[in-house]
Structures are given as C-alpha cells and as structure tokens.
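S.K.: I'd like to ask you about the structure that follows.
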Amino acid sequence: MNPIKKVIYNYGIPLIGRLFHKKNKYINVIYYHDIVDGEGYSFMRTNFEVFKRQMEYIAQNGYTTVRFDDLRTPADEEYDAKRIIIAFDDGWKSNYTKIYDLMKCLGLKYNIYLAVKEIGANPDYLTWDEVCKMHDEGWVGFGAHTYTHPDMSDISKIDTELEFAKADAVFEKQLGYKPLDFCYPFGAYSEESNEYISSCLEYKRIYTSRMMYSYRQNGKLIFGRNGICNDESFGVFKAKLKGYFNVWRTIIG
Ligand SMILES: [Zn+2]
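Each residue of the sequence shown is one higher than the one before, counting from 2 in my numbering.
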C-alpha cells in the first residue's frame, strides 16, 4: 500500500466510519481464521500474541461477546457499540488448542463456521469431539460453511445437494441441531447464490466477507464482516471492532 493510501486506510476510513456509525443497524462482526505461534499472514494466520492483545482489549473494555446461540430475537441482532460477534472461518485446530482456554479465562464467547468435510478428517482442523465439547460447555457457537468449501460466486457449478444438504446433515448429526448461520467460503457470493440461499435454505443469518453495513433481505440478515488482518495497526483493529470500517463498501465499492 502506498503512503497516501495507508493514511486514508489507517485514519481516513475510521474517521468517516465514525461520522456515519449510526448506519450500523445490526450487531458488528469481526473474524479470523487460524491462530499461530509463528509468523502471522494477512487475514489467514494471526500470530497468537497479536490475537491475545486484541482479546485482552475486548475483555478489558466492557464488551459483551455473543454466540450464534444467543441470537434468538430481532433485538439480539441489533447494533450495540459494546456487543460483538467474534467469528472464525473454517474450523482450524488452533481455534480449540490455542485459544479455547484463553477465551474462557477472559470471559469471551466466540463462533466458528465449519468446513464440514475437513472436520475430524484433516489434522489441521478440529475434531467433532472438540466441536461438541466447546458447544456443550456453552462457550462457542457454530455455523455452516458448506461441505467442500467451494467458490460459490458461480452457483451453477456447485453441487448444492452436497454443499448444503450433506454438510448440514453431518452438522446436525454431530451437534443435534440444524445450523442457522451460514458463511460464504472465500466470502465469494453473487446475487444468484444469495437468491438461492434466501429462497430454499433455512439459514437465518448469512455472513459475507465484505466490510459493509448489514441489512435484511427476504427475511434473512445479511452480514458485512470485518476481517482482522495480522499486519494492521491496533488503531485499525479498534475501528473495525466499533464497526467504523463498515462504511468501506459505501465509499470504495
Ligand atoms: Zn472459509
């Protein structure tokens, strides 16, 4: 990023987002992927110490963290500057081994969207025992993330039966309920795929990877989300936490 763009990103966007923060109507969402001991990388791998400092900030500044299971009424879904959804994409092993004890210790609840085919099959991912333990202890909520994690921007190329029906059947068999929260793999979605999900699937809330104001469509809540990047400043993290970066799509497109 060139120096001018950097200043706009670090200071300009948070400032504009702050001016328009009332456009946030629904609970704000931040998300991560894998948490690692070594070098972090962009949105995919966050260094543990970077992550820990961010979580400590959330814990020490009076935030309430919300599990998907807590979103029972429209009022639960409304924006509140001190309520936040912390989410993790895919179901990486570290979401249990590295952070579960830390999050409990800090009193922070979180959520994971499961790429179902990998769970219990790929050693880099969670096992179903870990998933069930985290859920049963009331600390972690779970959502759907398809079966094979395909790019869904062209839904005609997707085996929808496999990606939704099979993934959700395995999820339900293991956890005992159907997922109500769905996150697009790679954040890649199209009007067509949104239309399909809205019309024939039972998810209540759909999560994109766009920094935008969340909105309702066909009775479903479509979330903008803020990816937390390992390499960004703490100021940017705080602005994303408050929902200031949701103005991004309005300005940049
Ligand atoms: Zn993913």
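Virtual Cβ for every residue (Gly too), placed ideally from N, Cα, C.
Could you tell me which of Tyr-204, Val-30 and Ser-191 sits nearest to Lys-83, measuring between CA atoms?
M.R.: The residue given as residue 83 occupies position 82 in the sequence shown. The residue with the shortest Cα to Cα distance from Lys-83 is Val-30.
S.K.: Note down the Cα distance separating Ile-113 from Ile-14, rounded to an integer number of angstroms.
M.R.: Mapped onto the sequence shown, residue 113 falls at position 112. Mapped onto the sequence shown, residue 14 falls at position 13. One C-alpha to the other measures close to 28 angstroms.
S.K.: Distance check for Lys-158 and Thr-98, CA to CA, integer angstroms please.
M.R.: Position 97 of the sequence shown holds residue 98. Position 157 of the sequence shown holds residue 158. Whole-angstrom Cα-Cα distance: 35 angstroms.
S.K.: Just the Cα atoms here: how many angstroms apart are Ser-210 and Leu-163?
M.R.: Within the sequence shown, the letter at position 209 stands for residue 210. Within the sequence shown, the letter at position 162 stands for residue 163. The alpha-carbon of Ser-210 is positioned some 23 angstroms away from that of Leu-163.
S.K.: Given 7 angstroms as the limit, tell me if Asp-91 has its C-beta closer than that to any heavy atom belonging to ligand 1.
M.R.: Here residue 91 is taken as the residue at index 90 of the sequence shown, counted from 1. True, at least one ligand heavy atom lies under 7 angstroms from that Cβ.
S.K.: If we count Cβ pairs, one from each stretch, closer than 8 angstroms, do we get three or more for the stretch 84 to 98 versus the stretch 108 to 124?
M.R.: yes
S.K.: For Lys-179 and Arg-217, what's the separation of their Cα atoms in angstroms?
M.R.: Here residue 179 is taken as the residue at index 178 of the sequence shown, counted from 1. Here residue 217 is taken as the residue at index 216 of the sequence shown, counted from 1. In a straight line, the C-alpha of Lys-179 is about 21 angstroms away from that of Arg-217.
S.K.: What number of angstroms, rounded off, separates the C-alpha of Phe-269 from the C-alpha of Phe-143?
M.R.: Summary: the structure shown does not reach residue 269, with the chain confined to residues 2 through 254, and so no result is reported for it.
S.K.: May I ask you to check if the CB of Ala-116 is nearer than 7 angstroms to at least one heavy atom of ligand 1?
M.R.: Here residue 116 corresponds to residue number 115 of the sequence shown, with the count starting at 1. Answer for Ala-116: yes, Cβ within range of ligand 1.
S.K.: Cutting at 8 angstroms between CB atoms, please list the residues of its own chain near Trp-129, excluding the five before and the five after it.
M.R.: Taking the sequence shown and counting its residues from 1, the one referred to as residue 129 is at position 128. The answer, listed in chain order, is Ile-120, Gly-121 and Gln-175.
S.K.: Between Pro-75, Gly-139 and Ser-154, which has its C-alpha nearest Glu-192's C-alpha?
M.R.: Within the sequence shown, residue 192 is the residue found at index 191, counting from 1. The candidate whose alpha carbon is nearest that of Glu-192 is Ser-154.
S.K.: Counting C-beta neighbours from all protein chains within 10 Å, is the total for Ala-168 16 or more, i.e. buried, or is it exposed?
M.R.: Along the sequence shown, one-based indexing puts residue 168 at 167. Buried.
S.K.: Checking 8 angstroms against the spacing of the C-beta atoms, do Arg-206 and Gly-225 come in under that value?
M.R.: As a position in the sequence shown, residue 206 is number 205, starting the count at 1. As a position in the sequence shown, residue 225 is number 224, starting the count at 1. Not a contact, by the Cβ cut-off of 8 angstroms.
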